[in-house]
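Participant:
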Amino acid sequence: MEEMFKTFPQYTSSWLKGKLTLYKYQDFWNVPEFHEGGILAQQSFEARPSDVFICSPPKAGTTWLKALAFAIVTREKYDESTSPLLRTMPHECIPLLEQDLEQVKENHKNSCFPLVDKLIDEKLSATGLVLK
464 MEEMFKTFPQ YTSSWLKGKL TLYKYQDFWN VPEFHEGGIL AQQSFEARPS
514 DVFICSPPKA GTTWLKALAF AIVTREKYDE STSPLLRTMP HECIPLLEQD
564 LEQVKENHKN SCFPLVDKLI DEKLSATGLV LK
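FYI, the numbering for the sequence shown is 464 to 595, going by this note's numbering.
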């Protein structure tokens, strides 16, 4: 993967004294870790008709959107006093495809959310990947 990044256009930020280098992949600039997860997801992940994806760019209300989607999907399972959202951040309840690919695949295999409850059938995932 490292060799592939050498072929991508690069931009090193001057305001961080050269400590941040962004790479352009599919017309999208980001850090290598994000692109690496996205590339692996594109190569190995196959969505199912029952999957629910929360797709939003970073800093666009993603946390609020994840909390809302999780609350709706699990509304019959939890009430306002037992919701995992009271003790867990929404990002921990819903895996990010490009960072938590193994967790998303495990959810597929088990058809559940191991982080929250073994009985939830809905498979929520989030992504910040650009759709082309």
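Cβ atoms here follow ideal geometry from the backbone N, Cα and C, with glycine treated the same way.
1) Where do the N-terminal and C-terminal ends of the alpha helix (DSSP H) with residue 536 fall, by residue?
2) Where do the ends of the beta strand (DSSP E) carrying residue 517 lie?
3) Return the chain-ordered list of same chain residues with a C-beta closer than 6 Å to the C-beta of residue 559, the five sequence neighbours on each side being excluded.
4) With DSSP run on the structure shown, which of helix, strand or coil describes residue 473?
5) Buried or exposed for residue 561, please, with buried defined as at least 16 other CB atoms from any protein chain shown within 10 angstroms of its CB.
Facilitator: Answer, in terms of the structure:
1) Residue 536 sits at position 73 when you count from the first residue of the sequence shown. First-last of the alpha helix (DSSP H) with residue 536: 525-536.
2) To locate residue 517, count along the sequence shown from 1; it is residue 54. 514-518 is the extent of the beta strand (DSSP E) around residue 517.
3) The residue labelled residue 559 in the question sits at position 96 within the sequence shown. Around residue 559: 589.
4) Position 10 of the sequence shown holds residue 473. Strand.
5) The count along the sequence shown starts at 1 and reaches residue 561 at position 98. Counting Cβ neighbours within 10 Å, residue 561 comes out buried, since at least 16 surround it.
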